[in-house]
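Each remark here refers to the structure printed beneath this line.
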Amino acid sequence: MSAAMRVEKRLDLVLLWHMHQPDYRDYTTGEFRLPWVYLHAIKDYTDMAWHLEHHPGARAVVNFAPVLLDQLEDYADQFAGGRLRDPLLRLLAHAEDQPISEEERALVLERCFHVNHERMIQPFPAYKDLHELFTKLEARGPDSLHYLSDQYLFDLLTWYHLCWTGETVRRSSETVTRLMTMGMRFSYADRMELFKLIGELVSGIIPRYAKLAASGRIELSTTPHYHPLAPLLISFGSAREAEPGMELPQSPEYPGGCERVDSQLRLAITEHSRRFGEAPAGVWPAEGAISTAFLGLLGAHGFKWTASGGKVLMNSLRGPEEDPQRTIYRPYRHVGNAPDLALFFRDDRLSDLIGFEYAKWNGHDAAVNFVSELEAIASKASSGETPLVSVILDGENCWEFYAYNGYYFLDELYRLLESHPVIHTTTYRSYLSEAGTGAAALERITAGSWVYGNFATWMGSTDKNRAWDLLCAAKRSFDMVIASGRLDQEQTRAAYRQLAACEASDWFWWLGDYNPSFAVTSFDQLYRADLSNLYRLLNLPVPADLAHPISHGSGHPEAGGVMRRAVEPAQGS
9 MSAAMRVEKR
19 LDLVLLWHMH
29 QPDYRDYTTG
39 EFRLPWVYLH
49 AIKDYTDMAW
59 HLEHHPGARA
69 VVNFAPVLLD
79 QLEDYADQFA
89 GGRLRDPLLR
99 LLAHAEDQPI
109 SEEERALVLE
119 RCFHVNHERM
129 IQPFPAYKDL
139 HELFTKLEAR
149 GPDSLHYLSD
159 QYLFDLLTWY
169 HLCWTGETVR
179 RSSETVTRLM
189 TMGMRFSYAD
199 RMELFKLIGE
209 LVSGIIPRYA
219 KLAASGRIEL
229 STTPHYHPLA
239 PLLISFGSAR
249 EAEPGMELPQ
259 SPEYPGGCER
269 VDSQLRLAIT
279 EHSRRFGEAP
289 AGVWPAEGAI
299 STAFLGLLGA
309 HGFKWTASGG
319 KVLMNSLRGP
329 EEDPQRTIYR
339 PYRHVGNAPD
349 LALFFRDDRL
359 SDLIGFEYAK
369 WNGHDAAVNF
379 VSELEAIASK
389 ASSGETPLVS
399 VILDGENCWE
409 FYAYNGYYFL
419 DELYRLLESH
429 PVIHTTTYRS
439 YLSEAGTGAA
449 ALERITAGSW
459 VYGNFATWMG
469 STDKNRAWDL
479 LCAAKRSFDM
489 VIASGRLDQE
499 QTRAAYRQLA
509 ACEASDWFWW
519 LGDYNPSFAV
529 TSFDQLYRAD
539 LSNLYRLLNL
549 PVPADLAHPI
559 SHGSGHPEAG
569 GVMRRAVEPA
579 QGS
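Take any residue in the sequence shown, note its place counting from 1, add 8, and you have its number in my numbering.
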């Protein structure tokens with residue numbers, strides 16, 4: 009802290025880590041089509057819990073999208089019951105005396121190099137050797153890949169999972185240390201030892217965070233259950249509040265969108281209460297997306313707070329403020345809608361420093377710099393004022409770009425914060441319970457998200473609008489069949505679940521030539537498969553349009569081979 013800093017100054021800091029993955033399950037087979045839930049569990053959700061457990065003086069908000077928790081519980085059940093529905097996990101536990109099929113071989117070679125090469129392959133010579141051998145053979149043509157033995161595939165599977173283990177796991181697990189030291193020729197027993205560890209880590213995620221919440225270390229918040237972009241489901245016209253010229257889908261609206269958002273909120277509350285013993289006080293909306301109508305729904309459900317991006321606040325203020333610090337670093341309440349709901353707004357610049365910039369820094373230096381940024385904000389506060397700084401970002405996606413999965417940055421950051429004389433980490437629920445935290449009146453809300461304060465990431469382009477039109481057509485068919493009463497209770501339940509999965513914001517995010525080509529293709533296929541399955545569950549023919557890709561672009565070639573699902577930096581990168 010600067011010597012000029014007066015000790016009577018105080019700054020309240022809320023760190024909100026948002027944990028989310030869309031539903032990767034095929035509801036007809038129960039199979040997991042992509043492995044990101046359990047991979048992020050053994051790396052990021054595990055590491056993030058460890059840092060909070062080992063810094064008892066730090067406080068944070070952790071937001072779990074309920075559909076992610078559903079899948080974590082599903083994986084825990086798979087490990088407990090022994091019936092695996094994830095193809096990569098099945099292959100990790102594949103017996104040595106059983107041959108690997110051509111389809112399985114192709115899956116291993118396709119998936120097991122999709123990591124950040126700089127951070128997750130290059131540091132490990134044995135894994136690097138596996139990749140170099142693959143690259144040499146692939147250059148000679150696909151037939152050359154048949155020279156790769158089953159042992160090569162087993163070693164590749166093992167290293168893929170080893171590199172996805174969190175840094176805190178590597179430092180504490182004898183299994184991971186031993187296997188990394190071995191480097192090659194992993195036996196069935198070796199792989200099963202790693203498999204058992206993965207099961208323990210995945211199954212422990214929800215209990216660990218529940219224990220942190222019960223101890224008062226963290227506040228757990230929620231999102232509408234399947235992570236829908238609520239304002240757009242309620243009204244496509246909300247997209248033009250921040251971008252008046254945006255091209256909208258051909259469909260005038262998403263049929264019954266307000267009721268669908270309300271239903272997903274009710275389900276989120278029910279499931280959160282079941283898991284954690286109490287209803288959530290707050291909501292981090294999918295993509296930080298809010299609108300006047302959506303705030304009304306949150307207020308009607310009794311939520312105490314919600315949050316969004318700083319640019320949304322700037323768009324919502326009627327005129328320029330003399331001091332930007334006096335706008336973003338305080339709570340608000342919307343005058344005309346949900347007056348009892350507190351609104352908080354993200355410091356986009358500070359959040360993006362963690363999300364994008366600090367990965368390039370030494371971890372200790374980055375933590376010190378972040379604290380100095382907060383000290384500078386505190387020093388500018390008027391006498392008697394306590395700034396509230398909201399730093400909000402994905403808690404799972406940026407760490408693979410950091411050395412050691414962000415271990416040194418997070419460890420030093422929490423250490424500095426928990427003993428700082430000026431910076432006070434808190435949660436939104438705790439902040440609101442304190443006396444003297446009056447909120448400023450906000451007369452209007454300009455609908456927008458945490459990405460540039462608008463909805464252009466999810467709507468407006470030809471591909472994204474076509475995706476919305478396909479969803480609207482499916483919803484109209486859904487409404488017709490449900491109204492007819494042709495489905496029995498179980499069929500109706502299955503159709504509702506599939507519809508909710510189709511409403512997730514992720515499908516629209518990934519359509520765009522600014523995303524890695526393999527990610528665009530993958531999510532395009534998954535979305536059309538989900539819509540097709542919805543028609544089948546409704547006992548309707550699948551429209552021919554769903555056989556053809558939505559995206560006409562190819563995306564950009566992936567750099568390093570890893571999907572990065574994180575908010576784009578407000579200041580550019």
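In this text, a Cβ means the ideal position worked out from N, Cα and C, and glycines have one as well.
Here the structure is a predicted model, which means the values were calculated and not measured.
Span separating the alpha-carbon of residue i from that of residue j
i: Thr230; j: Phe311; result: 10 Å
i: Phe486; j: Phe417; result: 48 Å
i: Tyr504; j: Ala389; result: 50 Å
i: Ser513; j: Leu241; result: 10 Å
i: Arg484; j: Leu92; result: 35 Å
i: Ile385; j: Leu305; result: 34 Å
i: Leu424; j: His59; result: 13 Å
i: Thr465; j: Ser559; result: 14 Å
i: Arg536; j: Val550; result: 10 Å
i: Gly318; j: Leu187; result: 45 Å
i: Val123; j: Leu321; result: 36 Å
i: Arg193; j: Gln159; result: 7 Å
i: Lys136; j: His125; result: 9 Å
i: Arg338; j: Tyr522; result: 34 Å
i: Glu330; j: Asn323; result: At Glu330, the pLDDT of 44 sits below 50, so the modelled position is not reliable; the number obtained from the coordinates is stated separately. Their Cα atoms are separated by approximately 15 Å.
i: Gly296; j: Lys17; result: 30 Å
i: Ala57; j: Phe203; result: 21 Å
8 Å Cβ shell around residue i - same chain, five flanking residues per side excluded
i: Phe378; result: Leu358, Leu361, Ile362, Tyr366 and Leu421
i: Thr300; result: His342, Gly344, Asn345, Arg452, Ile453 and Ala455
Cutoff 6 Å; reference residue i; Cβ partners in own chain excluding five residues on either side
i: Ala289; result: Lys312 and Arg437
i: Arg67; result: Thr433, Thr434 and Thr435
i: Gly191; result: Ala134
i: Leu554; result: Arg536, Leu539 and Ser540
Same chain, Cβ closer than 7 Å to residue i, five either side skipped, listed in chain order
i: Cys120; result: Leu164, Leu165 and Tyr168
i: Ser469; result: Gly520
i: Gln272; result: Pro232, His233, Tyr234, Pro236 and Ala508
i: His139; result: Phe121 and Ile129
i: Val291; result: Ser229, Thr230, Thr231, Leu306, Phe311 and Thr314
Residue i in three-state terms, based on DSSP
i: Val210; result: helix
i: Met467; result: coil
i: Val7; result: It is not possible to answer for residue 7, since the shown part of the chain is limited to 9 through 581.
i: Val550; result: coil
i: Val399; result: strand
i: Ser525; result: helix
i: Glu330; result: In this predicted model, Glu330 has a pLDDT of only 44, less than 50, meaning its place in the structure is not dependable; the value taken from the coordinates is given anyway. Residue state, collapsed to three classes: coil.
i: His342; result: strand
i: His6; result: Within the shown structure, residues of the chain are numbered from 9 to 581, placing residue 6 beyond reach of any answer.
i: Thr230; result: strand
i: Phe194; result: coil
i: Thr433; result: strand
i: Pro133; result: helix
i: Arg33; result: strand
i: Pro557; result: coil
i: Ala289; result: coil
i: Leu519; result: coil
i: Gly307; result: helix
Residue range of the unbroken beta strand (DSSP E) whose run includes residue i
i: Gly23; result: The question names Gly, but residue 23 is Leu in the sequence shown. Per DSSP, Leu23 belongs to the beta strand (DSSP E) from Leu19 to Met27.
Endpoints, the alpha helix (DSSP H) within which residue i is located
i: Ala502; result: Gln497 to Cys510
i: Arg438; result: In the sequence on display, residue 438 carries Ser and not Arg. Taken as a continuous stretch (DSSP letters only), the alpha helix (DSSP H) holding Ser438 covers Tyr436 to Ser441.
i: Leu165; result: Asp158 to Cys171
i: Trp313; result: No alpha helix (DSSP H) holds Trp313; the beta strand (DSSP E) holding it covers Trp313 to Ser316.
i: Thr278; result: Gly265 to Phe284
i: Ala350; result: From DSSP, Ala350 is part of no alpha helix (DSSP H) but of the beta strand (DSSP E) over Ala350 to Phe353.
i: Ala386; result: Gly371 to Ser387
i: Ala88; result: Pro74 to Gly89
Min CB distance residue i to chain D below 9 Å
i: Gln258; result: In the displayed structure, chain D is absent; only one protein chain is listed.
Under 8 Å: do the segment 403 to 410 and the segment 43 to 52 share three or more Cβ pairs, one atom per stretch?
yes
Using 8 Å as the threshold, is the segment 268 to 286 in touch with the segment 67 to 78, meaning 3 or more CB pairs across them?
yes
Does the segment 37 to 47 come close enough to the segment 192 to 199 that 3 or more CB-CB pairs lie under 8 Å?
no
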